[in-house]
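Data first, discussion second: the structure below is written as structure tokens.
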Amino acid sequence: MCAIMDQGSSSTVSEAAEYDGRGDALFLEEDEVVGIEKPKKQLLKWIGSKDSGLEVISVVGTGGLGKTTLVKKVFDDASVKSYFDHHVWVTVSDYKDNVKHVLVNLIKKLMEEIKESPPQGLQDMSIDDMRNFINEFLKESKYIIVLDDVWKSETWETLRFALPKKGKHGCIVITTRSSSIGDGACSETNHVYNLQPLSAKESEELFFKKAFPRNSSSPPPYLTEFAENILKRCGGLPLAIVVIGGLLATKKNKREEWEMFNRSLSHELMQGGNLDRLWKSVFSLSYNDLPYYLKYCFLYLSIFPEGGLLLRNQIIRLWTAEGYVQSENDEILEEVAEKYLNHLWSRNLIQVAQKYGDGEVKAFRIHDLLRDYITSKSSEHNIVTVFNGGKKQWPNKIRRLAIQNSVNFSLDTNNFEHLRSLLLLNGDMEMGMIKEVLRRCRLLKVLDLRGAPMESIPDQVFKLYHLKLLCLRDTRVKFIPKSIKYVRNLEILDLCDTDVTELPVEILELRRLQFLWVGRSFYVNYGSTNKLDFDDIGQSCRVPYDIGSCLLCLQTLAYLEADRDGSTKIVREIGMLTQLRFLGIHKVRSEHGKDLCTSVANLTNLRILTIRSIEEGEKLELDYPLSSTGLPFLSSLYLYGCLEKVPQWIPSLHALSTLSLMWCKLREDALNCIQNLANLRHLRIHEACVEGLSFKAHGFLKLETLQLFELRMMKWVIVEKGSLPFLKDWDLTGCTLLKELPQGIEHLTNLQYMGFHDMPNEYRERAVEEKRRLAHVSRVRFGTFRDGSWSFVAL
Numbered sequence: 001m002c003a004i005m006d007q008g009s010s011s012t013v014s015e016a017a018e019y020d021g022r023g024d025a026l027f028l029e030e031d032e033v034v035g036i037e038k039p040k041k042q043l044l045k046w047i048g049s050k051d052s053g054l055e056v057i058s059v060v061g062t063g064g065l066g067k068t069t070l071v072k073k074v075f076d077d078a079s080v081k082s083y084f085d086h087h088v089w090v091t092v093s094d095y096k097d098n099v100k101h102v103l104v105n106l107i108k109k110l111m112e113e114i115k116e117s118p119p120q121g122l123q124d125m126s127i128d129d130m131r132n133f134i135n136e137f138l139k140e141s142k143y144i145i146v147l148d149d150v151w152k153s154e155t156w157e158t159l160r161f162a163l164p165k166k167g168k169h170g171c172i173v174i175t176t177r178s179s180s181i182g183d184g185a186c187s188e189t190n191h192v193y194n195l196q197p198l199s200a201k202e203s204e205e206l207f208f209k210k211a212f213p214r215n216s217s218s219p220p221p222y223l224t225e226f227a228e229n230i231l232k233r234c235g236g237l238p239l240a241i242v243v244i245g246g247l248l249a250t251k252k253n254k255r256e257e258w259e260m261f262n263r264s265l266s267h268e269l270m271q272g273g274n275l276d277r278l279w280k281s282v283f284s285l286s287y288n289d290l291p292y293y294l295k296y297c298f299l300y301l302s303i304f305p306e307g308g309l310l311l312r313n314q315i316i317r318l319w320t321a322e323g324y325v326q327s328e329n330d331e332i333l334e335e336v337a338e339k340y341l342n343h344l345w346s347r348n349l350i351q352v353a354q355k356y357g358d359g360e361v362k363a364f365r366i367h368d369l370l371r372d373y374i375t376s377k378s379s380e381h382n383i384v385t386v387f388n389g390g391k392k393q394w395p396n397k398i399r400r401l402a403i404q405n406s407v408n409f410s411l412d413t414n415n416f417e418h419l420r421s422l423l424l425l426n427g428d429m430e431m432g433m434i435k436e437v438l439r440r441c442r443l444l445k446v447l448d449l450r451g452a453p454m455e456s457i458p459d460q461v462f463k464l465y466h467l468k469l470l471c472l473r474d475t476r477v478k479f480i481p482k483s484i485k486y487v488r489n490l491e492i493l494d495l496c497d498t499d500v501t502e503l504p505v506e507i508l509e510l511r512r513l514q515f516l517w518v519g520r521s522f523y524v525n526y527g528s529t530n531k532l533d534f535d536d537i538g539q540s541c542r543v544p545y546d547i548g549s550c551l552l553c554l555q556t557l558a559y560l561e562a563d564r565d566g567s568t569k570i571v572r573e574i575g576m577l578t579q580l581r582f583l584g585i586h587k588v589r590s591e592h593g594k595d596l597c598t599s600v601a602n603l604t605n606l607r608i609l610t611i612r613s614i615e616e617g618e619k620l621e622l623d624y625p626l627s628s629t630g631l632p633f634l635s636s637l638y639l640y641g642c643l644e645k646v647p648q649w650i651p652s653l654h655a656l657s658t659l660s661l662m663w664c665k666l667r668e669d670a671l672n673c674i675q676n677l678a679n680l681r682h683l684r685i686h687e688a689c690v691e692g693l694s695f696k697a698h699g700f701l702k703l704e705t706l707q708l709f710e711l712r713m714m715k716w717v718i719v720e721k722g723s724l725p726f727l728k729d730w731d732l733t734g735c736t737l738l739k740e741l742p743q744g745i746e747h748l749t750n751l752q753y754m755g756f757h758d759m760p761n762e763y764r765e766r767a768v769e770e771k772r773r774l775a776h777v778s779r780v781r782f783g784t785f786r787d788g789s790w791s792f793v794a795l
């Protein structure tokens, strides 16, 4: 039995914001997990019990016992990583056990791992064709596949025919709450691990870690009796212990508050201690303990489908538009919303599920048991009405409607006149039905139509005077009509991943606009080719002149085009948008450089800055001094274009956490300028024209990830002792003149992953000869690009 242990809670939203909300069950280190040694050892033994054919293992247990945490630690074990060729994790409940969706995503993840595109027409393939594809792909490989949270036996019965029974070693690990599913899947091996509740000692250890984060060895004597009573009530169930511990950590060891909680919990359980009542009692007490403003925010999360991801940025914008976020001391609402999320995380009510490459949180997940509770509570208070398929009886007044499934019939809109929010979340509505709903709902404040099958914006949208949020992300919308000026209260306009390439001048009449995202999202990575394509890193949009004098409330502006009619006016105007937190500007010419630096110097609130030149060979002239105040909050800087030298202002960015220099053509040792950046954690350098790189002692003291792409003139790398003490991941790609392993790599005692991609054959041979120097690295991988695809082998 294993359980999560992370940092404790805090008593106020402001204090909760101090917690780094980056940890969760899928990212925890083993010393943060209780009771994992025995089950992990057994699972590893089963995995290693054969060297050919198919091995199926099931981990069975009720919700909240830590099945996912345990299996993830096994999945990430160094021995597993080095032994298997392919490692894929699929959370089956994300797709509601829809076998076709599970197969599609299994194929996508297999292709993603080898950095190839999925087969054309994948979505239209039959189940049999997909199973045959998977079978052919895996039959000559050693692989491990985790199927997490399987609810239906039919799902496994269909999937198992996709897996080759003979050939090299294949291992399938299933987590499920159903004993019949677990036993049925392992009928030939009997490798079923039934996860048990924590022992008394383990329960105590976990509880003390959560409730007393500053001194987890034992509670103050005056709280011992309460702690014992509360632990006894939890029955060894880790989710209950974690949630209660996180709640009690906010009480700051105050006896009267512990006594009150103990009395409340005992009262809740007086009529019986069954599991359902325990969950309800724990969640009820945790919910009731939340500040009033967080209760609405927490219940609002019921809009997201079961098992689905809760996108961090989407939550923040929705909360803000709904009016749930209140400014504190004139803080920006998005920053306050971020604190709200941190508070929910610190109480273990949500977990981190995904991160971006730079370590920032991308998405959260909520435990199914908690989700059931808030869905019931939300329905009780008529916070959100959820449509997830089939005809239903609507409440008398629907205020917020979340569509989680396809609507293939006409909705009864008679109760929609009070509707304030309409959201498509994993759902689909025909255009005619969308127009009908909008025609009736004139009081809408939030309209999220992401993914809707639409090429133009319905005219009804521009009659929604109260509209604050309009999201058209992932639609095929091509242009914004002049009538956009009528939605004067609009604060958030999300046009990301649409076909909009120019905004009308009427957009300037939206004086309350705070968030404007146009163009296409992108993330630079080595994908289906062995050379990065400058033209494939995102689409930008032309914005009208006078944006700087009209849209003064903008906090996010991405991605606009700098080059317009040969003028630098747009670039100069940016400096007037002093509220900007995120700026993305593309098609920058060398002659824009001085004006751009002058403008950026005025943006003292910037957190994220992306600058891309108009073409790959265009020089980014950014070596101009900024003002004395600099950019005190800038945490992420992405530069795409020729630099030749590091701009003089970058070494003064004390808050910088992520630095990406792409197509940079640097002709000096760039490391000398940036190695003393106190908070730099993620560094990417691409196409620097340097002969070598030297990581000096006591340099890059917080760097965690390092990516060096296509440094084709580089012949040597030196790592001095004391440099890069916390480096975990290092990628070397396309450095064709490099012949030897980095000198001093053995000093990097925290290095967990080393990737060598598109490197000379002799480099790999040398690495094999000097394998002892990499003995401390748990995962070493070589990637070769041939005939349009990547292949990978472990050292």
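Each residue of the sequence shown is one higher than the last, beginning at 1 in UniProt numbering.
Heads up, the beta-carbon is just placed ideally off N, CA and C, and yes, glycines get one too.
Residue i: first and last residue of the uninterrupted alpha helix (DSSP H) it sits in
{"i": "residue 320", "result": "312-322"}
{"i": "residue 759", "result": "No alpha helix (DSSP H) holds residue 759; DSSP gives it neither H nor E."}
{"i": "residue 80", "result": "78-83"}
{"i": "residue 47", "result": "37-47"}
{"i": "residue 298", "result": "292-300"}
Segment limits, beta strand (DSSP E) that includes residue i
{"i": "residue 58", "result": "54-60"}
{"i": "residue 662", "result": "658-662"}
{"i": "residue 640", "result": "636-640"}
{"i": "residue 515", "result": "515-517"}
{"i": "residue 421", "result": "421-424"}
{"i": "residue 91", "result": "86-91"}
{"i": "residue 362", "result": "361-365"}
{"i": "residue 186", "result": "Here residue 186 belongs to no beta strand (DSSP E), and DSSP marks it neither H nor E."}
{"i": "residue 783", "result": "779-786"}
{"i": "residue 492", "result": "492-494"}
Where residue i sits in the DSSP three-state scheme
{"i": "residue 29", "result": "Note that residue 29 has pLDDT 39, beneath the 50 cutoff, so the model's placement of it is unreliable and no number is given."}
{"i": "residue 4", "result": "Note on residue 4: pLDDT 29, under 50, position unreliable in the model; the coordinate value appears next. Three-state result, residue 4: strand."}
{"i": "residue 265", "result": "helix"}
{"i": "residue 346", "result": "helix"}
{"i": "residue 617", "result": "coil"}
{"i": "residue 101", "result": "helix"}
{"i": "residue 16", "result": "Bear in mind that the predicted position of residue 16 carries a pLDDT of just 34, short of 50, making it unreliable; the figure below should be weighed with that in mind. Residue state, collapsed to three classes: helix."}
{"i": "residue 21", "result": "A caution first: residue 21 carries a pLDDT of 29, below 50, which makes its placement in the model unreliable, though a value can still be read off. In the structure shown, residue 21 sits in coil (DSSP, three-state: anything other than H, G, I, E or B)."}
{"i": "residue 794", "result": "strand"}
{"i": "residue 193", "result": "strand"}
{"i": "residue 404", "result": "coil"}
{"i": "residue 612", "result": "strand"}
{"i": "residue 776", "result": "coil"}
Nearest to residue i (by Cα), restricted to the options the options
{"i": "residue 673", "options": "684, 691, 699", "result": "699"}
{"i": "residue 315", "options": "445, 429, 334", "result": "334"}
{"i": "residue 710", "options": "718, 428, 694, 689", "result": "689"}
{"i": "residue 572", "options": "556, 602, 647", "result": "602"}
{"i": "residue 731", "options": "745, 721, 720", "result": "745"}
{"i": "residue 662", "options": "452, 146, 254, 612", "result": "612"}
{"i": "residue 117", "options": "126, 105, 127, 128", "result": "105"}
{"i": "residue 177", "options": "63, 682, 379", "result": "63"}
At least three beta-carbon pairs within less than 8 Å, the segment 621-632 to the segment 589-604: yes
Can we say the segment 49-62 touches the segment 206-215, given the rule of at least three CB pairs closer than 8 Å? no
Please list the segments of the alpha helix (DSSP H) lying wholly inside the segment 525-599, counting only runs of 4 or more residues, in order along the chain. 547-550, 569-574
Below 8 Å, can you find three or more Cβ-Cβ pairs linking the segment 301-308 to the segment 321-335? no
Meets three-Cβ-pair contact criterion under 8 Å: the segment 537-545 and the segment 498-507: yes
Would you check if the segment 763-782 and the segment 59-73 touch, i.e. whether three or more CB-CB distances between them fall below 8 Å? no
If you scan the segment 664-744 from start to end, which runs of the beta strand (DSSP E) of 3 or more residues do you find wholly inside it? 682-686, 692-695, 705-709, 716-719, 729-733
Whole beta strand (DSSP E) elements within the segment 134-180, 3-residue minimum: 143-150, 170-176
Can we say the segment 453-463 touches the segment 479-489, given the rule of at least three CB pairs closer than 8 Å? yes
Does the pairing of the segment 56-66 with the segment 186-202 give three or more beta-carbon distances under 8 Å? yes
Tell me whether the segment 702-718 and the segment 668-684 touch, counting them as touching only if at least three CB pairs, one residue from each stretch, are closer than 8 Å. yes
Decide yes or no for the touch test of the segment 626-640 against the segment 648-666: beta carbon pairs closer than 8 Å, at least 3 of them. yes
On the three-pair Cβ rule with 8 Å, is the segment 488-503 touching the segment 511-519? yes
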